[in-house]
Amino acid sequence: MSQKQHHTTPAADRIPLMQKSAYSVGMFVNNLQAAALPAMMIILNLGLGIDPFLVGILGFIPRIFDALSDPMLGYISDNTRSRWGRRRPYIFAGAILSGLIFALMWQLPEGHSETFYFWSFLIALILFFLAYTIYATPFVAFGYEMTADYHERTRLHAFANTVGQLAWIGVPWFYMLMSNENLFRDTVHGARTLAIWVGAVVAVLGIMPAILCRERRFDAPKKQSEGVLKNTKEFISGITVTFKCKPFVKLCASTFLVFNGFQLGISFSLYIMIYYLFNGNNYLAGKLNGWFGMLTSIATLGVIPLTGWIATRLGKRNTFLLTISLSLAGYALKWFGYNPDMPYLLLAAAPFVAFGTGSLFTLMGSMISDVCDYDELTTHERREGVFGAIYWWMVKVGMALAGLLTGILLKVSGFDEALAQQTPETLLQLRIFDVGIPLITSAIALYIIYSYPITEERAYEIRAELESRRGKIG
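Here the sequence shown stands for residues 1 to 474, where the numbers follow UniProt numbering.
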């Protein structure tokens, strides 16, 4: 088959619309939790007055606990046997727990010391990320195994990420909402109220995939009854084998660089808007931040299905190379968009930035599904949970480092939250961090993914070999 020829997805491999929709609602919940927390973390610094370095520590330590728990939960989910399946019980429980904890952890009482706030929030964050892991790790693995078809996998993740992207449209407005004096006494009061609404949405909508989606039948490995020591050895061995899967390592490395480079860079954007574009005016900065985030999110809604369409014609690897290259143009445009005389010029960069954020997880979710087949060919095991957990472990370690580095780089730049006006040197460094970091990391990711080996032709060859060996999975 030539690279321009494509397989047609048979009806048996199509995912019913109801199940695809339910999974997409779960993606919205997953993204809401991922987006809401960092959007509200700035309140710890600008609302409660916690030192930015300590805020960076708060962004780092809980994510390390989260990253350590992910692979273990993935292994447990892969090896779970229950009448409800391998994934759905954890998705149901995790949605309720994470929603409840998110709502409660922002209910910090007034009038306490920085030390009190730091330790209280640190403990709450660790508990939240544990609950989030219980939800997210089986949920992600569920998406990898809902269909065996190369193109239907891309359609599923394009559909789910389009719905999930709706979370990113609203979240950029959180700071403006929390700082609205007509609604709340102060930003801390705004955060308390908003957290309750977010937690309720997570708990109610997060259980939808567990209720409405059907799991495909897999023969779970018989490892649970072999004892704790044996299972621990198998778990560690499985992690080692996973990291030896070269296509998977390439996907992890490229995602680590693209997404966490974006996250680290954009951590400085609101500071630049407040102190460089609007001379300390929180409301005006929050308004521009909301418009930039919403425009990026709306553009992303178009980029995601476009990515799926392009991928069925150019292939997943070539689509990645195209879309991430376009995002580089967006980051470069941000440098010129930071203009105090024309602050809304920044919005011109948003559609280009959207090509990076919109295409990444649409392609990666589908490509990891292909990697799971590639891995089964060698290991004779279905390990979607472990692959999904380690993939997101890489993302979360990067997010932890981004949170830590944000605090460190704020210190390096000379930023002082007590000052109404920051020095020109500080503002220049913040702009360099904002633009330069994602430019460099995304360029390295392009180099890495250039040699990704699983083409459409190879993916169908792998599927045929697997089905001839163990039959189709119902």
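Don't be surprised by glycine CBs; every beta carbon is placed ideally from N, CA and C.
In this text, all values refer to a predicted model and were calculated from it rather than measured experimentally.
Same chain, Cβ closer than 6 Å to residue i, five either side skipped, listed in chain order
i      : result
Thr362 : His157, Ala158, Asn161, Ile304 and Thr307
Pro138 : Ser77, Arg87, Tyr90 and Ile91
Met294 : Ile169 and Pro172
Tyr276 : Leu427
Thr9   : Asp149, His151 and Glu152
Glu384 : Ala141, Tyr144, Glu145 and Cys372
Phe268 : Leu430, Phe433 and Asp434
Ala285 : Met273, Ile274 and Phe278
Ile196 : Ala103
Residue i burial status per 10 Å Cβ neighbour count (16 or more: buried)
i           : result
Gly59       : buried
Phe116      : exposed
Arg86       : buried
Asn180      : exposed
Gly56       : buried
Glu456      : buried
Trp168      : buried
residue 475 : A question about residue 475 goes unanswered here, because the residues of the chain that appear run from 1 up to 474.
Ile437      : buried
Met178      : buried
Ser82       : exposed
Trp392      : buried
Asp341      : exposed
Asp186      : exposed
Ile454      : buried
Ala349      : buried
Tyr450      : exposed
Ser2        : Here the model assigns Ser2 a pLDDT of 42, short of 50, so the residue's position is not dependable and the matter cannot be decided.
Contacts around residue i, its chain only, beta-carbon distance under 8 Å, and the 5 residues preceding and following it disregarded
i      : result
Ser225 : Residue confidence for Ser225 is low, a pLDDT of 45 falling below 50, so the modelled location carries little weight; the figure read from the coordinates is stated next. Excluding residues within five positions, none has a Cβ falling inside 8 Å.
Ile96  : Ala203, Gly206 and Ile207
Trp335 : Arg431 and Val435
Val201 : Val29, Leu32 and Gly99
Phe174 : Ala36, Ala39, Met40 and Leu194
Val412 : Gln429
Leu73  : Tyr90, Thr133, Ile134, Thr137, Pro138, Gly385 and Ala389
7 Å CB neighbourhood of residue i in its chain, flanking five on each side removed
i      : result
Val228 : For Val228, the pLDDT reaches just 43, beneath the cut-off of 50, and the residue's location in the model is therefore unreliable, leaving the point undetermined.
Tyr452 : Pro247, Lys250 and Arg317
His15  : Note that residue 15 is Ile in the sequence shown, not His. These residues qualify, in order along the chain: Met146, Thr147, Glu152 and Leu156.
Leu360 : Thr255, Val258 and Phe259
Option in the options with minimal Cα separation from residue i
i      : options                           : result
Asn266 : Leu46, Pro71, Thr296 and Ala253   : Reading the sequence as shown, one finds Ile at residue 266 and not Asn. Here the closest residue by C-alpha is Thr296.
Ile298 : Gly143, Lys334, Met146 and Gly170 : Gly170
Gly94  : Asn281, Leu205, Met367 and Phe53  : Leu205
Val397 : Ser359, Arg216 and Phe259         : Phe259
Phe262 : Val395, Leu127, Gln422 and Phe415 : Val395
Phe355 : Phe433, Phe320, Ile368 and Trp335 : Phe320
Ile462 : Gly302, Cys372 and Ala389         : Cys372
Gln165 : Gly302, Phe121 and Ile454         : Gly302
Gly280 : Pro62, Ala210 and Ala418          : Ala418
Ser120 : Glu110, Met105 and Ile61          : Met105
Leu405 : Trp392, Glu381, Phe433 and Ile239 : Phe433
Thr255 : Ile64, Gly365 and Ile408          : Gly365
Pro351 : Phe129, Thr323 and Met367         : Thr323
Leu17  : Pro209, Tyr75 and Asp66           : Pro209
Met176 : Lys287, Phe184, Tyr135 and Arg214 : Lys287
Alpha-carbon spacing of residue i relative to residue j, whole angstroms
i      : j      : result
Ala459 : Leu377 : 11 Å
Ala402 : Leu264 : 5 Å
Gln421 : Gly290 : 22 Å
Ala445 : Ser325 : 10 Å
Leu37  : Ser468 : 46 Å
Ala220 : Thr242 : In this prediction, Ala220 scores a pLDDT of 49, lower than 50, which makes its location untrustworthy; the coordinate-derived value is nonetheless stated afterwards. So the alpha carbons of these two residues sit roughly 18 Å apart.
Leu439 : Leu328 : 6 Å
Met27  : Ser69  : 20 Å
Leu428 : Thr357 : 25 Å
Leu108 : Arg192 : 8 Å
Gly199 : Ala124 : 14 Å
Asp375 : Cys245 : 7 Å
Phe142 : Ala22  : 12 Å
Leu211 : Asn339 : Just to set this straight, residue 211 is Ile in the shown sequence, not Leu. Distance between the alpha carbons of Ile211 and Asn339: 49 Å.
Ser24  : Gly337 : 34 Å
Tyr447 : Gly315 : 17 Å
Gly47  : Phe102 : 18 Å
Glu465 : Ser369 : 16 Å
Leu347 : Arg470 : 53 Å
Val353 : Thr379 : 39 Å
Ile61  : Leu122 : 8 Å
Cβ separation of residue i and residue j, assumed to be a contact under 8 Å, to the nearest whole Å
i      : j      : result
Gly49  : Glu114 : 7 Å
Ala400 : Pro71  : With 8 Å as the limit, Ala400 and Pro71 do not qualify as a contact, their Cβ atoms being about 15 Å apart.
Gly407 : Pro52  : 5 Å
Arg216 : Gln19  : Not a contact, Cβ separation roughly 11 Å.
Any non-hydrogen atom of the ligand MN within 6 Å of residue i CB
i      : result
Thr423 : By its list of ligands, the structure shown contains no ligand whatsoever, and the ligand MN lies outside what it can speak to.
Cβ of residue i within 7 Å of any chain C Cβ
i      : result
Ala443 : Of the protein chains in this structure there is only one, and it is not chain C.
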